[in-house]
Amino acid sequence: MSDLLKVTGLAKDFGRKKVLRDLSFTLEPGRVYGFLGRNGEGKTTLARILMGVIPATRGALLFKGEPITYGSSIYKRGIGYIPEDSFFYGGMRVAEFLAFNSRFYPRWDAARVRSTFESLGFDRRARIQTLSRGQKLQLGFVAAVGAAPDLLVLDDPTSGLDVPTRRDFLRGIIRDLAERGTAVLFATHMVHELERVVDHLYILHGGRLILDRGFEDIKTLSRRVRLRFDGEAPDKLPLEGVLSLRREPGLLEAIVFPWDEAAESKLRSLSLTDIEVEPLSLEDIFEGFVGSSPAQPEVK
Amino acid sequence: MIPIDPTSFIPLYEQVKSGLRREIALGSYKPGSPLPSIRDLAAALLINPNTVARAYGELERDGLITTRKGRGCFVSEDFGTLPGKDTVKRLDGIFETAVREARKTGAEPSEIRKVFEDRLRSVFAEPGKRRTS
């Protein structure tokens, strides 16, 4: 039972809108899990269900073997949450806010909060509404790690912040990961921070996880191929895993996952004038999976 | 400083490994001297500590570094006694890494040689030659 979190068949409807259709995944300690999805794909919904803030329509969630249900206070035993929009009580002072949080969490680590907070260098007596968005994020981070969580749920917390602020935030997460072996569920639609830290990647699309794979595999197995033809380019490629296909006179450009030598030799057996194969960044991979192509393949 | 390019398809742990190899070959870390802790290097490079731990683990297996319980990682003492002190050996250490990385791009030797020679020319054409950093 080394799974920290086990989610099985999770679904969430809002009225007739099916936001999450069928999600199953497990998280282990000490690893960073990226949940990539466009805006509106249900990342925040997933985070809120995990925190017991809203009920799931179907499915089971187990955190350290115990069920997470709507309204349960399981988060107190070890889930930290940093949402996109801080829900802080603006009129509260910084110190009051931390004291307020400390009462919710039995494992509150006051010494750690003090030392983390001191490194930030802003006034404990400041009212939260006077803080910048970056400072609110830092405060949210202090409160989240103060709870000494086993799992840290990040719901696009750096969205809209400048690069130095985002990097400082990421550095804090990295230190926490190294010191405490926290598992991190990092939901975002922005790839740049994720690309530096992600161990395992999920892509959320159409209410399902269309990709569930170790990040290194993903990088090794995805390619953009450009094929040139003497005459007309064919309508499609004799390959599994063509995620997207762009066609121009005499040219086909495809994003392929999973890519291997067999795929390459299949393509080379076509009557081509030229073939180019290049690796992809996470940004390209993400676009390949959720891009505008009408039929979405399901890859598992 | 170890260059990290998260968009490269070279896995990050390989980038850390080759970066450390280069720093050690260049003498930035001397035989027997301590290496940054996993936590500090991860925070400095803004990458996952698991990635740094993996790079350290593989370098240890290669005998380049050693771990002392509770004290962290060190450049192996006998690294300096390996034939590596003269310039040729140092260059060999640098280029072995570079060529291995280059091969992973799928480039042919002729292409790698061309890029290398272009770079060699352009660097030596700079006023005030670039020295080891």
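Sequence order for the protein chains is A and U.
Per the numbering used here, residue 1365 is the first one in the first sequence, and the count goes up by one each step.
Per the numbering used here, residue 926 is the first one in the second sequence, and the count goes up by one each step.
Note that beta-carbon positions come from the ideal geometry of N, C-alpha and C, so glycine has one too.
Here the structure is a predicted model, which is why all the values come from computation and not from measurement.
Helix, strand or coil at residue i [DSSP, three-state]
i: residue 1528 of chain A; result: helix
i: residue 1006 of chain U; result: For residue 1006 of chain U, the pLDDT reaches just 47, beneath the cut-off of 50, and the residue's location in the model is therefore unreliable, although a value from the coordinates is still provided. In the structure shown, residue 1006 of chain U sits in coil (DSSP, three-state: anything other than H, G, I, E or B).
i: residue 994 of chain U; result: coil
i: residue 1662 of chain A; result: Any reading at residue 1662 of chain A needs caution, since the residue's pLDDT is 45, under 50, leaving its predicted position unreliable; the model's value is listed next. The answer is coil: DSSP assigns residue 1662 of chain A none of H, G, I, E or B.
i: residue 974 of chain U; result: helix
i: residue 1511 of chain A; result: coil
i: residue 1038 of chain U; result: helix
i: residue 1464 of chain A; result: helix
i: residue 1048 of chain U; result: helix
i: residue 929 of chain U; result: coil
i: residue 1650 of chain A; result: helix
i: residue 1556 of chain A; result: helix
i: residue 1439 of chain A; result: helix
i: residue 1422 of chain A; result: strand
i: residue 1417 of chain A; result: coil
i: residue 1374 of chain A; result: strand
i: residue 1383 of chain A; result: strand
i: residue 1584 of chain A; result: helix
i: residue 1562 of chain A; result: coil
i: residue 1031 of chain U; result: coil
i: residue 1546 of chain A; result: coil
i: residue 1483 of chain A; result: helix
i: residue 934 of chain U; result: coil
i: residue 951 of chain U; result: coil
i: residue 1392 of chain A; result: coil
i: residue 1404 of chain A; result: coil
i: residue 1020 of chain U; result: helix
Best match in the options for proximity to residue i [C-alpha to C-alpha]
i: residue 1536 of chain A; options: A:1484, A:1611, A:1449 and A:1488; result: A:1484
i: residue 1430 of chain A; options: A:1465, A:1454, A:1368 and A:1408; result: A:1368
i: residue 1455 of chain A; options: A:1491, A:1643, A:1445 and A:1440; result: A:1491
i: residue 1549 of chain A; options: A:1542, A:1543, A:1501 and A:1565; result: A:1565
i: residue 1582 of chain A; options: A:1597, A:1605 and A:1389; result: A:1605
i: residue 1496 of chain A; options: A:1449, A:1440 and A:1627; result: A:1449
i: residue 1653 of chain A; options: A:1553, A:1471, A:1543 and A:1532; result: A:1553
i: residue 1574 of chain A; options: A:1519, A:1378 and A:1607; result: A:1607
i: residue 994 of chain U; options: U:1003, U:962 and U:980; result: U:962
i: residue 1610 of chain A; options: A:1635, A:1592 and A:1473; result: A:1592
i: residue 1580 of chain A; options: U:1043, U:976 and U:1027; result: U:976
i: residue 934 of chain U; options: U:1048, U:1026 and U:968; result: U:1026
i: residue 1612 of chain A; options: A:1472, A:1597, A:1387 and A:1464; result: A:1597
i: residue 1629 of chain A; options: A:1603, A:1649, A:1471 and A:1650; result: A:1603
i: residue 1366 of chain A; options: A:1382, A:1472, A:1474 and A:1428; result: A:1428
i: residue 1601 of chain A; options: A:1634, A:1626, A:1547 and A:1614; result: A:1634
Expected contact under 8 Å - CB spacing of residue i and residue j to nearest Å
i: residue 970 of chain U; j: residue 997 of chain U; result: Not confirmed; about 17 Å, so no contact.
i: residue 1444 of chain A; j: residue 1501 of chain A; result: At roughly 13 Å, the Cβ-Cβ gap does not stay under 8 Å, so residue 1444 of chain A and residue 1501 of chain A are not in contact.
i: residue 1559 of chain A; j: residue 1616 of chain A; result: Incorrect: roughly 27 Å between the Cβ atoms, too far for contact.
i: residue 1416 of chain A; j: residue 1439 of chain A; result: 6 Å
i: residue 1488 of chain A; j: residue 1459 of chain A; result: 4 Å
i: residue 1541 of chain A; j: residue 974 of chain U; result: 5 Å
i: residue 1561 of chain A; j: residue 1534 of chain A; result: 7 Å
i: residue 944 of chain U; j: residue 1002 of chain U; result: Contact flag wrong, Cβ pair sits at about 22 Å.
i: residue 1589 of chain A; j: residue 1618 of chain A; result: 5 Å
Check whether residue i and residue j have beta carbons under 8 Å apart
i: residue 1406 of chain A; j: residue 1376 of chain A; result: yes
i: residue 1424 of chain A; j: residue 1372 of chain A; result: yes
i: residue 1385 of chain A; j: residue 1572 of chain A; result: yes
i: residue 1511 of chain A; j: residue 1469 of chain A; result: yes
i: residue 1539 of chain A; j: residue 1046 of chain U; result: no
i: residue 947 of chain U; j: residue 1037 of chain U; result: no
i: residue 1420 of chain A; j: residue 1374 of chain A; result: yes
i: residue 1568 of chain A; j: residue 1401 of chain A; result: yes
i: residue 1576 of chain A; j: residue 1389 of chain A; result: yes
i: residue 1447 of chain A; j: residue 1519 of chain A; result: yes
i: residue 1461 of chain A; j: residue 1525 of chain A; result: no
i: residue 1000 of chain U; j: residue 955 of chain U; result: yes
i: residue 929 of chain U; j: residue 990 of chain U; result: no
i: residue 938 of chain U; j: residue 980 of chain U; result: yes
i: residue 992 of chain U; j: residue 983 of chain U; result: no
i: residue 1527 of chain A; j: residue 1650 of chain A; result: no
Own chain partners of residue i with C-beta closer than 8 Å, once the 5 adjacent residues on each side are dropped
i: residue 1545 of chain A; result: 1393 and 1394
i: residue 940 of chain U; result: 927, 928, 929, 930 and 933
i: residue 942 of chain U; result: 980, 983 and 984
Own chain residues within Cβ distance below 7 Å of residue i, not counting five before or after
i: residue 1530 of chain A; result: 1522 and 1557
i: residue 1587 of chain A; result: 1620, 1623, 1641, 1642, 1643 and 1644
i: residue 1058 of chain U; result: Any reading at residue 1058 of chain U must be qualified, since the residue scores a pLDDT of 39, below 50, and its modelled position is unreliable; the value itself is stated next. Contacts found: none.
beta-carbon residue i near the ligand ADP non-hydrogen atom, thresh 7 Å
i: residue 1655 of chain A; result: In the structure on display, the ligand ADP does not appear, and there are no ligands present to speak of.
Close-in-space but distant-in-sequence residues of the same chain around residue i (CB under 6 Å, 5 per side omitted)
i: residue 1481 of chain A; result: 1506
i: residue 1426 of chain A; result: 1370
i: residue 1041 of chain U; result: none
i: residue 1637 of chain A; result: 1592 and 1594
Query raised in the report: When you check each C-beta in the segment 971 to 992 of chain U against every C-beta of chain D, which residues fall closer than 7 Å?
Result: Given the protein chain composition of this structure (A and U), no chain D is represented.
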